[in-house]
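Single-structure report; data block below.
Residue numbers (this note's numbering): 875 to 978.
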């Protein structure tokens with residue numbers, strides 16, 4: 875019984891092309907989303923680490939630290955504002971009266 879090469883060739887071509895297309899698609903998606911690409915021996919191909927990239931990472935880290943400090947101070951202020959807003963008016967007027975009656 876002869877092997878039906880006529881049915882095998884189109885299936886093999888379709889499987890090969892879909893495999894290549896999938897590889898191209900996943901590589902494009904990795905580049906688009908910023909994932910690093912590795913070569914055959916594990917060396918980084920994209921993105922390359924150079925002096926400009928290292929300087930940019932350093933600047934972004936500094937900016938991140940500054941923004942975290944600013945958010946921390948804003949949280950502290952928000953706690954004070956929430957305490958003022960949620961404090962009942964009676965307690966606030968008692969505290970004002972107490973401050974007026976006790977001069978420094």
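For glycine and all other residues, C-beta sits at the position ideal for the given N, C-alpha and C.
Predicted model only: the values in this text are computed from it and were never measured.
What did DSSP end up calling residue i once you bin it into helix, strand or coil?
| i | result |
| --- | --- |
| residue 980 | Because the chain here runs from 875 to 978, residue 980 falls outside it and cannot be looked at. |
| residue 976 | coil |
| residue 938 | helix |
| residue 971 | helix |
According to DSSP, what are the bridge partners of residue i?
| i | result |
| --- | --- |
| residue 912 | 918 |
CB-CB under 8 Å to residue i, same chain, minus the five flanking residues each way: which ones, in chain order?
| i | result |
| --- | --- |
| residue 949 | none |
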